[in-house]
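>
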Amino acid sequence: MPDGFSLRGPQAHDSRSSINRHETIARLFGRTFMSDVKTTLGLKALPLARLNADDWMRIGLLSALIGLIYVVFHLQGNTTDIRVFGRSSLTWMIGRWGDIGGEYSHGWLIPLVSIGLVWCKRKELWAAPKKVCYAGLMVVIFALLLHWLGAKAQQTRLSLMSLIMVIWGVPFYLYGWQVAKLLLFPCAYLIFCIPLNFIDSLTSPLRILATLVSAGILNGLGLRVHRVGSGLFSDASNEFSFDVAPECSGLHSLLAMTALTAVYAYLTQKTFMKKWLLFLFCIPIALVGNIVRITLVVLIAAGFGQKVAMGLWHDYSGYPIFLVGISLMLALGSLINVDYRKVWNEWKQSLFSPTSS
Numbered sequence: 001m002p003d004g005f006s007l008r009g010p011q012a013h014d015s016r017s018s019i020n021r022h023e024t025i026a027r028l029f030g031r032t033f034m035s036d037v038k039t040t041l042g043l044k045a046l047p048l049a050r051l052n053a054d055d056w057m058r059i060g061l062l063s064a065l066i067g068l069i070y071v072v073f074h075l076q077g078n079t080t081d082i083r084v085f086g087r088s089s090l091t092w093m094i095g096r097w098g099d100i101g102g103e104y105s106h107g108w109l110i111p112l113v114s115i116g117l118v119w120c121k122r123k124e125l126w127a128a129p130k131k132v133c134y135a136g137l138m139v140v141i142f143a144l145l146l147h148w149l150g151a152k153a154q155q156t157r158l159s160l161m162s163l164i165m166v167i168w169g170v171p172f173y174l175y176g177w178q179v180a181k182l183l184l185f186p187c188a189y190l191i192f193c194i195p196l197n198f199i200d201s202l203t204s205p206l207r208i209l210a211t212l213v214s215a216g217i218l219n220g221l222g223l224r225v226h227r228v229g230s231g232l233f234s235d236a237s238n239e240f241s242f243d244v245a246p247e248c249s250g251l252h253s254l255l256a257m258t259a260l261t262a263v264y265a266y267l268t269q270k271t272f273m274k275k276w277l278l279f280l281f282c283i284p285i286a287l288v289g290n291i292v293r294i295t296l297v298v299l300i301a302a303g304f305g306q307k308v309a310m311g312l313w314h315d316y317s318g319y320p321i322f323l324v325g326i327s328l329m330l331a332l333g334s335l336i337n338v339d340y341r342k343v344w345n346e347w348k349q350s351l352f353s354p355t356s357s
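Each step along the sequence shown adds one to the number in my numbering, with nothing skipped, and position 179 is 179.
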């Protein structure tokens, strides 16, 4: 439009009306959208003018802590295999999820589950009394010292542990123990996505244990088998020979089962002791599942040949076995959660109470 040119008359009025109409629609849409978001999140409208000095201080501290987390853990979080993973501890962790053994291939699910647990607690978090707690600041300081120690020792796992502590410690500091208590398990659950190096050392003992028990079961069924290390061999004309590889040690199933059982126990069990009892049961469940899988592979080899056993069944049998493990977990959870004292009292009452005619 040329300089000095302006609209007048009906055209100008129509243009202004159109602009006002669009502005009104935009305001209504924005107001409705924000109202929906606030309703979904369980938040109430709080104009900026009503924020007091403490609120602004919290916002400033939170912003500074988020920036500190980004710098410390993403830009300077990793001191191991820098050429491969860079400086980010998160990049290192995600890279380890895809390692050849696949023990932590479920790692990407853990943060999603943790966020889901926080979402389930959103009403309780909103209703919880909030106040600054300096114990939370001590947690954050300790976590940063742990990160420094991990960086010096080239132990990225320690840095990731400290990141989890910071994620929990920040709301602990800003909002107090009542909020931190609700966030304790969702934050602690993130430990399951950290690749732990000592876990790799369990591979060999798990293989030996699985083959030892499987050999005992097979011999008990009348199939002559002898074990050498992690190998199972037929005594009858070399029908089959198996060596349980590290990938078949059952470690992947054990790690996945512990992560699954932890969140299931947290959501379903009524007391702290019952939660831990169900969680500990997941270890024998995973071990028994792997023993059953190895035993069935050998039985199929004895009946149909080693080629058949090492084909479709060997490659995909882990999935139905894991589903059986989940079924056992659900059954044990139901049994543990029963109030046996109440059941006993009801049974005694029904047994000794006079029957109605």
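Built from N, CA and C at the ideal position, the CB exists for glycine as well. The structure displayed is predicted, hence computed values, not measured ones.
(1) Starting from residue 234, follow the beta strand (DSSP E) in both directions and report where the run begins and ends.
(2) When the Cα of residue 166 is compared with those of 257, 64, 91, 228, which residue comes out closest?
(3) What residue ranges within the region 50-123 form continuous alpha helix (DSSP H) runs of no fewer than 4 residues, ordered along the chain?
(4) Using the Cα positions of residue 204 and residue 325, report the straight-line distance between them to the nearest angstrom.
(5) Just verifying my parser: in three-state terms, what is the DSSP assignment at residue 249?
(6) Output yes or no for whether 9 Å exceeds the beta carbon distance between residue 265 and residue 333.
(7) Does the distance from the CB of residue 98 to the CB of residue 105 come in under 9 Å?
(8) Would you tell me roughly how many angstroms separate the C-alpha atoms of residue 321 and residue 283, rounded to the nearest one?
(9) Less than 9 Å between the C-beta atoms of residue 136 and residue 170, yes or no?
(10) Suppose you measure from the CA of residue 274 to the CA of residue 338; what does that come to, to the nearest Å?
(11) Under 8 Å by Cβ, that's how I've got residue 110 and residue 190 pegged, so tell me the actual separation to the nearest angstrom.
(12) DSSP on residue 240, reduced to helix/strand/coil?
(13) Could you give the first and the last residue of the continuous beta strand (DSSP E) run that contains residue 166?
(14) In angstroms with no decimal places, state the Cα-to-Cα distance between residue 148 and residue 59.
(15) In the DSSP assignment, what are the bridge partners of residue 226?
(16) Label residue 115 either buried or exposed according to how many other C-beta atoms from any shown protein chain fall within 10 Å of its C-beta, with 16 as the threshold for buried.
(17) Would you tell me roughly how many angstroms separate the C-alpha atoms of residue 292 and residue 281, rounded to the nearest one?
(18) Near residue 76, which residues of its chain fall below 8 Å by C-beta distance, leaving aside the five closest residues on each side in sequence?
(19) What would DSSP say about residue 194, mapped onto helix, strand or coil?
(20) State buried or exposed for residue 290, treating a residue as buried only when at least 16 other CB atoms are found within 10 Å of its CB.
(21) In angstroms with no decimal places, state the Cα-to-Cα distance between residue 343 and residue 328.
(22) Taking the straight line between their C-alpha atoms, what separation do you get for residue 312 and residue 297?
(23) Does DSSP put residue 178 in a helix, a strand or coil?
(24) In chain order, what residues of the same chain have a beta carbon less than 8 Å from the beta carbon of residue 263, not counting five sequence neighbours either side?
Well, looking at it:
(1) 231-234
(2) 64
(3) 53-69, 82-85, 89-97, 109-120
(4) 22 Å
(5) coil
(6) yes
(7) yes
(8) 14 Å
(9) yes
(10) 10 Å
(11) 6 Å
(12) coil
(13) No beta strand (DSSP E) contains residue 166, which is instead part of the alpha helix (DSSP H) from 156-175.
(14) 26 Å
(15) 233
(16) exposed
(17) 17 Å
(18) 87, 151
(19) coil
(20) buried
(21) 22 Å
(22) 10 Å
(23) helix
(24) 113, 117, 189
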